[in-house]
Every structure is written in structure tokens, then in C-alpha cells.
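Residue numbers (the working numbering): 12 to 115. Note that beta-carbon positions come from the ideal geometry of N, C-alpha and C, so glycine has one too. A quick note: this is a predicted structure, and the numbers were derived from the prediction, not measured. Report on the following structure.
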């Protein structure tokens, strides 16, 4: 048996919708480029939110501390309505580091 199909009887597949946000540049970006862009945005945000004309800078401190020390910093910062970064700045400003450590 032969079946006759006309163009109106053929099923037309709908076009697939493109989902998601298109990439910013025309080409794909590497992970290092995305990381740099993210850090640039963080630094720009920190500069906008600076107080007293002092430029804030986002810094990753790769320091190993005890879990108890980290929790104490978090708790102290929360009690004083500060971030951990602001707390560290405050501690450095208010303490005499030369008296604590012998600077050679």
C-alpha cells in the first residue's frame, strides 16, 4: 500500500527554544576569565562601598585557624553587627602589634 501525504499533513517540528542566559562575549569564556571578571566586580563593589575615602580591597586570606577561633570571630562579629573583615580591621587598628610581636 502506498500512502499519499501532502505537505499540510506532514508534521512540522517546533523550533527548540534557546534556554539560559547567552554568554557575554561572542565566544565562550574560560574559567579563569570568569573568575577574573567575578573578582573585578567584587573589587568594584568594595570601592563603591568604601567609607571615609579609604579604599576597601577584597583579599583572600589563606590562613589556617582552629575551628574554635573561626567560630569566636563569627560570634564576635555578629554581636557587634560587623563582618569578619571589619572585625579584623578593628582588631589591627586598636592593638599595638609591635608590642605583641618583636619586629626585627
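Taking only three categories from DSSP, how would you classify residue 79? helix
Could you compute how far the alpha carbon of residue 27 sits from the alpha carbon of residue 55? 38 Å
Measure from the alpha carbon of residue 71 to the alpha carbon of each residue in 102, 95, 29, 25, then state which is nearest. 95
Give me the Cα-Cα distance between residue 82 and residue 43, rounded to the nearest whole angstrom. 32 Å
8 Å Cβ shell around residue 97 - same chain, five flanking residues per side excluded: 88
Beta-carbon contacts of residue 84 that lie in its chain and below 7 Å, excluding the five residues immediately before and after: 95, 98
Below 6 Å CB to CB, which residues in the same chain sit around residue 78 once its five sequence neighbours on both sides are set aside? none
Endpoints, the alpha helix (DSSP H) within which residue 103 is located: 95 to 105
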